[in-house]
Structure formats: C-alpha cells, structure tokens
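Here the structure is laid out as structure tokens; the discussion comes afterwards.
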Amino acid sequence: MKHYRLQRLFNARSGRCFDVAVDHGFFNEPGFLKGIEDMATTVRTLVNAAPDAIQLTAGQARHLQALPGRQKPSLVLRVDTANIYGRELPASRFSTMIDQAALQAVRLDAACVCVNLFQIPGAPDITGQCVDNILKLKVECDDLGMPMMVEPLVFRPNSEAGGYLVDGDVVKITHLVRQAVELGADIIKADPTDDVGLYHEVVRVAGGIPVLVRGGGRVSDRVILERTQGLLQQGVHGIVYGRNVIQHEHPAGITRALMAMLHENASVEEALGMVQGS
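Under this note's numbering, read the sequence shown as residues 11 to 288, first letter to last.
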C-alpha cells in the first residue's frame, strides 16, 4: 500500500517530486510566517502552480484537501513540532509528534508523513527524542501503508543564525542520512551540501531510498535554479523548497520554473525566463 501512495507523490514522467513546504507555522518561531500569513490564499496560489505535493500540518491540510477535483497536489503531512529554531536553545527542549500520526494522515488522505531527525550541537537529547518519534511512527506507518519521510537536519550552532542555518558538511549529512535510512525511512528529505558536486555521496549512502533536498535560506533565482540543476545531475529524486517559493515575489512563477527543471529537464536560462515571464 505504501507503493500506491508513493505513486501519487512522484511524477509519472520523470520519477521526481517537487514538494513545497508550508508547515512553518507549526514551530511558533518569529519570522516563520513571512509569506504564509494567509494560508488559504497561499495554498490556492500553489495549487494553481501545480507542484507535485504541498507539505502542511494537520490543522492546515483542509486548505488543500477541501479543494475539488483530482488534479490538486498530493498532501505531505508534517507530524512533529519542536522548539529548537531560535538563536538560543531553550533550557527545556522538545521534539514531539502528534498522536496517532499515521492514522491522522490516512484520514486526511495524505500521500506520506514527514518527521524530523535533528542533529544539534549541544543538544543530544533532541536527537534521542527524534529517534523515539521515528521508531514509533514506523510501526504505525507500516500498519497503515503510509510512507514515512524522514528529515535529517544537521544544524550549525544556533547562536550563529538560529536552527535554520544548515551545516553543509558532507560527512555529517551522509552519516545522519544513513541513520535515517537505518531507522526505516521510505523517503529522505535532506540538507544541501556546501559542495553540490558531492551530493552523489548522500544519494549513495541512502541505498536506493529516494532523496529529496531541502532549499535552505532565501537566495536569488539564479542561485536556487543553478543549485537545483546541480543536484539533479547528482541523482536526487526531487526537492522540498519552502522559503524560496513562499517568500518569492512570484511564487507561482518560481514553482513552474522548478517543475520544468525537474520534469522537463529545462535549463537554468529557460527556467529563469519562466519566472520572469510569470
């Protein structure tokens, strides 16, 4: 049954997936709502641009799933929340999962669930909580045929720029990705490496489990499109971009451009034209 849901997630022509992440409000962090203050409007804009999937929480999934028709993007359900994204790690930290996560995903007609695996300097307790979450979720997902996307996130020290500053060290990323695979991930959503040309090492260590790459912080159109092209050349199965879409001046245009790169092998220049022509 997992295979049936994965068929809804990955594009039939290319075998790749573009998942737009708009689950940031789940984490109660100042600044995370930029571009998604009005979720109903955000979701409608994204649906019209037609990515393969949209990543939402249980409380916001209604904006996607209530829309009529068969052609809307698939739902990726975020099932855990944490309080570790600020510049200072709180004294009492948590990464906690919603109750009966896989069952809620089935009820919401999701194509898969997404759960974090954090590696944070000075916070091994959070990694332990994430491992517990994944081990529990795997059993539920296996029982209900729900694919489990694990998101291994390697943080740089929070004091540098909060928990959204990626440590792009290929060794750290490959080790954490491998742990996610060992824990039973059906899909990996991983950090980009500082050197995109090394990303085939991440793909290799995943051992055939599809790897989707996070977008990271907001960058220029050319930078994100060139990075995407480089990642596709390294064998990734897709991308999960949030801020580079939802904080873009033309979110529909950048979505169409990225979809063309993933599914039609459009060049960077062709994709740039799609953004500017939106």
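Note that the Cβ used here is the ideal one computed from N, Cα and C, for glycine as well.
Item	Value
Assigned exposure category for LYS44 - 16 Cβ within 10 Å defines buried	exposed
Proximity test, Cβ basis, 8 Å: ARG253 and chain B	The displayed structure is made up of one protein chain only, and chain B is not part of it.
Buried/exposed call for ALA111, threshold 16 Cβ in 10 Å	buried
Opening and closing residue of the beta strand (DSSP E) in which TYR251 lies	248 to 251
THR91 versus ARG188 - alpha carbon distance	22 Å
Proximity to VAL30 [Cα-Cα], best of GLY240, VAL149, VAL223 and GLU274	VAL223
Span of the beta strand (DSSP E), counted from its first residue to its last, around THR91	90 to 92
Neighbour-count burial assignment, ALA3, 16 or more Cβ in a 10 Å radius	Only positions 11 to 288 of the chain appear in the structure, and residue 3 is not among them; the question remains open.
The segment 164 to 171 touching the segment 20 to 34, judged by at least three CB pairs closer than 8 Å	no
Beta-carbon proximity of ILE183 to ALA200, cut-off 8 Å	yes
THR106 versus VAL125 - alpha carbon distance	10 Å
Residue range of the unbroken beta strand (DSSP E) whose run includes ARG80	No beta strand (DSSP E) contains ARG80, which DSSP labels as neither H nor E.
Close-in-space but distant-in-sequence residues of the same chain around ARG18 (CB under 7 Å, 5 per side omitted)	SER84 and ALA121
Helix, strand or coil at MET269 [DSSP, three-state]	helix
Euclidean distance between Cα positions of ASP205 and GLN257	25 Å
Nearest-angstrom Cα separation, counted from PRO100 out to SER288	Unreliable positioning characterises SER288 in this predicted model, as indicated by a pLDDT of 49, which lies under 50. A coordinate reading is not provided.
Continuous alpha helix (DSSP H) stretch holding ARG224: start and end	Not the alpha helix (DSSP H): ARG224 falls in the beta strand (DSSP E), residues 221 to 224.
ALA262 vs MET271 beta-carbon contact at 8 Å	no
Check whether ALA216 and ILE234 have beta carbons under 8 Å apart	no
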